[in-house]
Every structure is written in C-alpha cells, then in structure tokens.
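**Q** Residue numbers (this note's numbering): 11 to 416.
Cβ coordinates follow ideal geometry from the N, Cα and C atoms, glycine included.
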C-alpha cells in the first residue's frame, strides 16, 4: 500500500526547540520560511527522500462529513459520539486491534512505542481473514494516517481519511506524502505562541539537517539507510525551551548564504528509493497540495510583492546567486533585519574583497526604501496629531457650551 518505508522509520519524536524556532520564521500567507538570505520551503522531493511516502498519485481529497458516526460504526465497528464523530480515542483503536498493551512506558521513546505497536498489529492482522482482516487493517491505517501523517494535537485520532479507506485496493494510489506536506504547512501557520505540534514534524527537523548544516545536525546512526530519516538520531538539550529557541534564532541570523546547502541530495543513489523515481515528475513544480479541506500552494520561487501576497513571479535568474541578489534588491528593505541581510549578500560572494555592483545596488535601494518608509510614517503621525487636536478643540467647545447653559 506504499506505507512500508514509512512504517520502518524509528526516530519519530520531534525535538521541539528547532521546530519552534523555524515555526516563528514561517509566513502563512506566502507559505515559506523567511530567512535573511531569502525564502525556503520543504518540497515534495524532501518529503519523498526523508519519509519514503508517495508524492505522486491521486490527491488526498474528497467529501468531508458533518458526522462520521455511521462510517466509523460500519467500517471500524467502533462507537463514537455524534458531536465528536471524526475523532476516535487512540486507546480504543489499539484495544480493537488487541494491541492495547502498546502504550508508552517510562523512558520509552516514540520509536520503541511505534515499533511495538506495528509489530503487535501485524500479528493481530495475520490472525484474521476476509472482512475481519479488512476491518483490522482499516483500524491500523487510521492509527498511522490519523496520528502520524495527518496527526492532530492530543490523544484522539482523526477519522477524516476513512472514506478513502473504504476501498482498500485504492489506498496505495493516493499521494499521502503530498498530503503530509499540506497538513504540515497548515499547522506551521498556527500561532507561534503554541508550542504543541501537530503534523509530521520530524520531516522538518531532518530537512534542516540537510539544508542548514551549520545549525548543527543530529547523531548519525545508519549511513546509507533510506528513507533519509533513518540516518539520524535527534539530539536533546536540557536547557529551557525559550533559551534554546533564542540561540537557534541567533544562529539563523548569522548563517551566511554560502553555508546553505542548496543541493543536499547530490550523490544519492536513487535506485534504492523507487518512491523518489516515481515522484520525480512533480519535483520542482509549483502545484497545489491537498489534504482534504486543506489546500495550500507549493511555490518554488519568490512572491511578487510582500504587500500583495500570493502572486508568483517568473524569475529571470539563471543561478542561485542571481536569484538571491534579485531578492536583496527588491525585498531587502522590507525585512526588519535588513542590515544583516545585506551582509549575507556579501557573504554569498566572499571570495571578492570589494562588494559587487549588485550588492551596492541592493544597499542603495534599501536605503531609499527606508527613507520613503520613514517619510510615510512621519506623515501618518502628523495626520494623527491633527486629528487629535481637532477632537480636543471640539471637546473644549462642547464643554464651554455646557457651562454656558442655565
């Protein structure tokens, strides 16, 4: 059904600090991380290589229902309340698969928990035949999809994917990897004050290992293993979350453009990753990602204007350096930390002692824009002051009239 490589993943518990730091750099309107050197996003190629999930095939979409009660009772033979019929308690699902003992133990990580759950479920499935086997298979798939791929906060498991599991022969034809990315983008757009995670955030963590190696990587564990998430064990830090996030922000602000690895998969042997070859026609394309009611754009180029979000541009850049310089000239002044952004431009061409013409043009454009912004703000303050004086004069007149009345 296409879930084999994904079910072999072991490092599934995200390290919250880097996820939170990246989340605070996410712009939900243009669906991209905004860094000093430009914008970056995880792509379908990253999903395929890191998770092993299929990114081609049918879109994960269809009808959603106000109540899933009838479908849950018919296909899973479980009881749910009508008010929360799209959610099933995780422990109830595990008990129905006779794997209720697969619960978190003290000191047990997510990897051990999922490994035990998967092994126990396989044993239970092997003992069933016909309709009973189909029912148990749907229960297991609901756990995998509703808790990991399209995971929600808290213990309940979402059943929104259940209509797609009615015909089990078609389950493997869906682009579950693309749905994972759409769900991840949607959850990155939640308030940065929320530290709880929903979605498959280990993808994001390993993505940062490959593209931003100077931020630090996890512990190498299985060189050459695929999917790529199998190669890493996440590092842990006992310091406070806020301190860790602040340190990661500082690191992001000082990463030179030249230290970003734009081709992290060069030299990878794709013959051992058929899911990569299947998804290759979709790599590098601007497309819409679907996860039921969630539909988000996947842009591989800059947006045309920060003030008019969402319109893609046709870039004439022929290299990463040209693309970044165009970014600096056009958008640099609209970022709070412009000065450091301009330094990053210089860092992209550190082999030259003197700044290039494009760098100077970017700095000049930034200075002009800052002056224009300051003038506009000054005019706004002047207008507000005039309005306040007018209101004050009107109030004084009204008070004088009231005093003159008998």
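(1) Leaving aside the five residues before and after residue 60 along the sequence, list all residues of the same chain whose C-beta is less than 7 Å from its C-beta, in chain order.
(2) Rounding to the nearest angstrom, what Cα-Cα distance links residue 24 and residue 173 in this structure?
(3) So, does the segment 180-198 touch the segment 66-85, judging by three or more C-beta pairs under 8 Å?
(4) In the DSSP assignment, what are the bridge partners of residue 70?
(5) Give the C-beta separation of residue 242 and residue 64 to the nearest angstrom, bearing in mind that I take them to be a contact with Cβ-Cβ under 8 Å.
(6) Over what stretch of residues does the alpha helix (DSSP H) that includes residue 101 continue unbroken?
(7) Leaving out five residues before and five after residue 223 in sequence, what residues of the same chain have Cβ atoms less than 7 Å from its Cβ?
(8) By DSSP, does residue 238 sit in helix, in strand, or in coil?
(9) Using the three-state DSSP reduction, which class does residue 179 fall into: helix, strand or coil?
(10) Excluding the five sequence neighbours on either side, which residues of its own chain have a C-beta within less than 8 Å of the C-beta of residue 360, listed in chain order?
(11) Any chance the segment 36-54 sits against the segment 90-107, with 3 or more Cβ pairs inside 8 Å?
(12) Tell me whether the beta-carbon of residue 86 lies closer than 7 Å to the beta-carbon of residue 170.
(13) Which residues in the same chain as residue 100 place their Cβ atom closer than 8 Å to its Cβ, once the five residues preceding and following it in sequence are excluded?
(14) Between the C-alpha atoms of residue 75 and residue 96, what's the straight-line distance to the nearest angstrom?
(15) So, at 6 Å on beta carbons, what are the nonlocal neighbours of residue 11 in its own chain, with the 5 sequence-adjacent residues on each side left out?
(16) Just mark residue 29 as buried or exposed, buried being the case when its beta carbon has 16 or more other beta carbons within 10 Å.
(17) Output needed for residue 83: all residues of its chain with C-beta closer than 8 Å, excluding positions within five of it in sequence on either side, in chain order.
(18) What is the rounded straight-line gap between the Cα of residue 294 and the Cα of residue 104?
(19) Exposed or buried, what is residue 230 when buried is set at 16 or more other beta-carbons lying within 10 Å of its beta-carbon?
(20) Please report the straight-line C-alpha distance between residue 77 and residue 246, rounded to a whole angstrom.
(21) Please state whether the Cβ-Cβ distance between residue 228 and residue 244 is less than 7 Å.
(22) Out of 66, 54, 35, 398, point me to the one whose CA is closest to residue 48's CA.
(23) For residue 195, which residues in the same chain have their Cβ closer than 6 Å to its Cβ, ignoring the five residues on either side in sequence?
(24) Counting C-beta neighbours from all protein chains within 10 Å, is the total for residue 62 16 or more, i.e. buried, or is it exposed?
(25) Who are the Cβ neighbours of residue 433 in its own chain at under 7 Å, not counting the five residues just before and after it?
(26) For the candidate residues 18, 291, 192, 53, whose alpha-carbon lies nearest to that of residue 303?
(27) Once you ignore the five residues that flank residue 349 on each side, which residues in its own chain have a CB closer than 7 Å to its CB?
(28) Roughly how many whole angstroms lie between the Cα atoms of residue 277 and residue 287?
(29) Looking at the structure shown, is residue 224 part of a helix, part of a strand, or coil, going by DSSP?
(30) Considering just the uninterrupted stretch of the beta strand (DSSP E) at residue 45, what are its terminal residues?
(31) Based on DSSP bridge pairs, tell me the residues matched to residue 307.
**A** Straight from the coordinates:
(1) By one-based count along the chain shown, residue 60 stands at place 50. Around residue 60: 213, 216, 217, 237, 238, 239.
(2) Position 14 of the chain shown, counted from the start, is the residue given in the question as residue 24. Position 163 of the chain shown, counted from the start, is the residue given in the question as residue 173. Approximately 29 Å between the Cα atoms of the pair.
(3) Under the three-pair Cβ rule at 8 Å, the segment 180-198 counts as touching the segment 66-85.
(4) In the chain shown, the residue the question calls residue 70 occupies position 60. Within the DSSP secondary-structure output, residue 70 pairs in a beta bridge with 301.
(5) Locating residue 242 in the chain shown gives position 232, counting from the first residue. Locating residue 64 in the chain shown gives position 54, counting from the first residue. 22 Å between Cβ atoms; not a contact.
(6) Here residue 101 corresponds to residue number 91 of the chain shown, with the count starting at 1. Element bounds for residue 101: 100-106.
(7) Taking the first residue of the chain shown as position 1, residue 223 is located at position 213. Taking residue 223 as the centre and dropping the five residues before and after it, the same chain places the C-beta of 271 closer than 7 Å to its C-beta, in chain order.
(8) Here residue 238 refers to the residue found at position 228 when the chain shown is read from its first residue. Residue 238 falls in the helix class under three-state DSSP.
(9) Here residue 179 refers to the residue found at position 169 of the chain shown. Helix, per DSSP.
(10) Walking along the chain shown from the start, residue 360 turns up at place 350. Unreliable positioning characterises residue 360 in this predicted model, as indicated by a pLDDT of 32, which lies under 50. The coordinate reading is nonetheless provided below. Once the five neighbours on either side are set aside, the close Cβ partners of residue 360 are 266, 268.
(11) Short answer: they don't touch.
(12) Residue numbering aside, residue 86 sits at position 76 when the chain shown is read from its first letter. Residue numbering aside, residue 170 sits at position 160 when the chain shown is read from its first letter. Taking 7 Å as the Cβ cut-off, residue 86 and residue 170 do not qualify as a contacting pair.
(13) On the chain shown, residue 100 is found 90 positions in, with the first residue counted as 1. Its chain contains 153, 157, 165, 166, 167 as the residues whose beta carbon lies nearer than 8 Å to that of residue 100, once the 5 sequence neighbours on both sides are disregarded; these appear in chain order.
(14) Residue 75 sits at position 65 when you count from the first residue of the chain shown. Residue 96 sits at position 86 when you count from the first residue of the chain shown. Here the alpha carbons of residue 96 and residue 75 stand approximately 9 Å from one another.
(15) Here residue 11 refers to the residue found at position 1 when the chain shown is read from its first residue. Excluding positions up to five away in sequence, the list reads 181, 182.
(16) For this step, residue 29 is matched to residue 19 along the chain shown. Label assigned to residue 29: buried.
(17) As a first step, residue 83 must be located in the chain shown, where it is residue number 73. Residues 89, 90 of the same chain have their beta carbon placed closer than 8 Å to that of residue 83, with the five preceding and five following residues left out of the count.
(18) On the chain shown, position 284 is the one that residue 294 refers to. On the chain shown, position 94 is the one that residue 104 refers to. Near 39 Å, if we compare the C-alpha coordinates of residue 104 and residue 294.
(19) Indexing the chain shown from 1 puts residue 230 at position 220. Exposed is the call here.
(20) On the chain shown, position 67 is the one that residue 77 refers to. On the chain shown, position 236 is the one that residue 246 refers to. Between residue 77 and residue 246, the alpha-carbon positions lie close to 41 Å from each other.
(21) Indexing the chain shown from 1 puts residue 228 at position 218. Indexing the chain shown from 1 puts residue 244 at position 234. One thing to note: residue 228 has its Cβ within 7 Å of the Cβ of residue 244.
(22) In the chain shown, the residue the question calls residue 48 occupies position 38. Shortest Cα-Cα distance from residue 48 to any of 66, 54, 35, 398 involves 35.
(23) Position 185 of the chain shown, counted from the first residue, corresponds to residue 195. For residue 195, same chain residues with a beta-carbon under 6 Å away, outside a window of 5 residues either side, are 41, 306 in chain order.
(24) Counting from 1 along the chain shown, the entry for residue 62 is found at position 52. Buried is the call here.
(25) Beyond the ends of the chain as shown, which are 11 and 416, falls residue 433; an answer cannot be given.
(26) What you label residue 303 is simply residue 293 of the chain shown in a count that begins at 1. Of the candidates 18, 291, 192, 53, the one whose C-alpha sits nearest the C-alpha of residue 303 is 192.
(27) By 1-based counting over the chain shown, the position of residue 349 is 339. Confidence in residue 349 is poor, its pLDDT being 45 and thus under 50, which makes the residue's placement unreliable; the coordinate value appears in the next sentence. The beta carbon of residue 349 lies closer than 7 Å to none in the same chain, with the five residues before and after it left out.
(28) As a working mapping, residue 277 is identified with position 267 in the chain shown. As a working mapping, residue 287 is identified with position 277 in the chain shown. Distance between the alpha carbons of residue 277 and residue 287 is about 15 Å.
(29) Taking the first residue of the chain shown as 1, we reach residue 224 at position 214. Three-state result, residue 224: helix.
(30) The residue given as residue 45 occupies position 35 in the chain shown. Counting along the chain, the beta strand (DSSP E) containing residue 45 begins and ends at 42-45.
(31) Within the chain shown, numbered from 1, the residue matching residue 307 stands at position 297. For residue 307, which the question treats as bridged, DSSP gives the partners 298.
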